[in-house]
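Asks: Start counting the sequence shown at 718; every next residue gets the next number (our numbering). Virtual Cβ for every residue (Gly too), placed ideally from N, Cα, C.
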Amino acid sequence: MAFTVDELKQDDRFLSAILQGAHDLIAIYVENPRIASILASQQRWLLAHSAFALHLGYPGDLMPGLYSSRLTEFADRYNIASHNTAVAFLKEMMAYKFVQPVLHGQDRRITLLEPTEITYEYMGKWLYTHLHVLDTLDGGSRIAEAALDVAAIWKMQPHIAKRIVESKNLRNLGPTFNLFNFATSGGLVMDFLISCINLTGSLSDRIVIGPVSMQALQSQFMISRTHLKRLFRSAAELGSLGWVGVPGKSSFWISRNFVLEYRNYQAEKYAIVDIVRNEIFSSMESGMTICAES
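(1) Evaluate K872 with the Cβ neighbour count: other Cβ atoms within 10 Å of its Cβ, from every protein chain shown; 16 or more gives buried, anything less gives exposed.
(2) Compare the beta carbon distance of A757 and S912 with 9 Å and say whether it is the shorter of the two.
(3) Pop quiz: L955 and T893 are said to be a contact at Cβ under 8 Å. What is the actual Cβ separation, rounded to whole angstroms?
(4) Name the one or two DSSP bridge partners that L829 has.
(5) Just to confirm the assignment, what range does the beta strand (DSSP E) spanning L958 have?
(6) By alpha-carbon positions, which one of V990, V961, Y746 ends up nearest to D852?
(7) Quick one: what's got a C-beta closer than 7 Å to R923's C-beta in the same chain, skipping five residues either side?
(8) Starting from the C-beta of C1008, find all residues in its chain whose C-beta is less than 6 Å away, skip the five residues before and the five after it, and write them out in chain order.
(9) Find the nearest neighbour of E838 within the set L788, I752, A770, judged by alpha-carbon distance.
(10) For the alpha helix (DSSP H) containing I924, list its first residue and its last residue.
(11) Between which two residues does the alpha helix (DSSP H) carrying F969 extend?
(12) Using CA coordinates, which residue listed in S1000, M1001, V993 is at the minimum distance from L848?
(13) Give the secondary structure of V819 by DSSP, where H, G and I count as helix, E and B as strand, and everything else as coil.
(14) Would you mind reading off the limits of the alpha helix (DSSP H) that contains D908?
(15) Count the other CB atoms, across all protein chains shown, that sit within 10 Å of the CB of N889; report buried if there are 16 or more and exposed otherwise.
(16) Alpha carbon to alpha carbon, how far is G903 from F938? Give it in angstroms, no decimals.
(17) Count the other CB atoms within 10 Å of the CB of R880; is the residue buried (16 or more) or exposed (fewer)?
(18) Going straight from the alpha carbon of S767 to that of T828, what length do you get?
(19) According to DSSP, what are the bridge partners of L783?
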C-alpha cells in the first residue's frame, strides 16, 4: 500500500527522512549547477516536469511529443507560465543541451524535441531519491523493484507530473514556502536551509542551524546578493527566519512553522510519488494499464 499524505505528516520519521532527502538534492545541485537552475523556482520545476511528461506521453493525450507550441499551450492551460516564459524556458534547455531536436520527426512543420542523456540521468536521480526516502520509512523495496525494471521509472514520471500539475495543495503550501518557492533560486535556498537542520528531538519554535554564508549562497545557487537579502528580509517579516545576533555574524535560525510548511509540501509530493509507484507496479504485475485519470 502507498503512504497517504496524512500518514506521512504524522510519521515522526518522515521529517528526518526528508532532511536526508534535502542533503541528497543539494548534492545534485552542487554536482551540476545548470541542472539546479531548472529547479530554481516552482514555475521552472513545473515546466521541467511537464516537458518531460509531454515527451514520454502525458496521461490522456493521444500521442507523446514535445515541441514549443505544445508546451506553451500546456503551460497556459494549467496556469504554469505565460507563452513567452515557456518559450524562453525551452530555448534555455536547448542552449544547455538538456533537450535536443529529434532527427527524424514525422511532421516536418514542427520541431520535435527530446530530453538528452544527462536530463534522463538527473530526472532518474530525482525519482530514485524519492523512492529511497519512502523505503527508509517502511523498509520497502521500491528501489529494488525499480532496479529490476528501469522502464517502470519512465512509466511513472508522466503520471507523477500529472498529479503534481493538477494538485492545488502543491501550488499553495503556506506564505513562507510560497515566498521561497516562487522566487528565482528561492527553492534551492530553501532546500539548503532545511538541509542544515540537525534534528535531535522535537522541533522548537526557532531551530538554530548555525552560521549561514550569504556569499556562499550567492555563489552556489547563482542568486544576486540584492535578491537574496530581499528574500530573507521578506521571510523575516513573516517571522520565519533570522539571525540570533548580529546579522551575517551570528548563528541563523528558521521557524518551526517554516519547517512544517516544508514538511507538508514534501508529504503531498511523496504521497503522489508513492501512489503512482504503487499503481504502476500493480498494473505491471497484473498485465493491465493504469487509466489516464489515475
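Replies: Taking the geometry as given:
(1) Under the 10 Å beta carbon count, K872 is surrounded by 16 or more other beta carbons and is classified as buried.
(2) No, Cβ-Cβ distance for A757 and S912 is not below 9 Å.
(3) Your pair L955 and T893 checks out as a contact, with CB atoms roughly 5 Å apart and the cut at 8 Å.
(4) Its beta-bridge partners do not exist; DSSP assigns none.
(5) Its beta strand (DSSP E) spans residues 958-960.
(6) Scanning V990, V961, Y746 for the CA closest to the CA of D852 turns up V990.
(7) Result list for R923: W970, S972, in chain order.
(8) Because C1008 sits at a pLDDT of 45, beneath the cut-off of 50, its placement in the model cannot be relied upon, and the following sentence gives the value as read from the coordinates. Once the five neighbours on either side are set aside, C1008 has no close Cβ partner at all.
(9) Taking each of L788, I752, A770 in turn and checking the Cα distance to E838, the smallest one comes out for I752.
(10) Counting along the chain, I924 falls outside any alpha helix (DSSP H), though it belongs to the beta strand (DSSP E) covering 923-927.
(11) Premise fails: F969 lies in the beta strand (DSSP E), 969-972, not in any alpha helix (DSSP H).
(12) Ranking the options by Cα distance to L848, first place goes to V993.
(13) Here V819 carries a coil assignment [DSSP, helix/strand/coil].
(14) Residues 903-912.
(15) Answer is exposed; the Cβ neighbour count stays below 16.
(16) Rounded to whole angstroms, the gap between the alpha carbons of F938 and G903 is 9 Å.
(17) R880 comes out buried.
(18) Here the C-alpha atom of S767 lies approximately 17 Å from the C-alpha atom of T828.
(19) By DSSP's assignment, L783 forms a beta bridge with L830.
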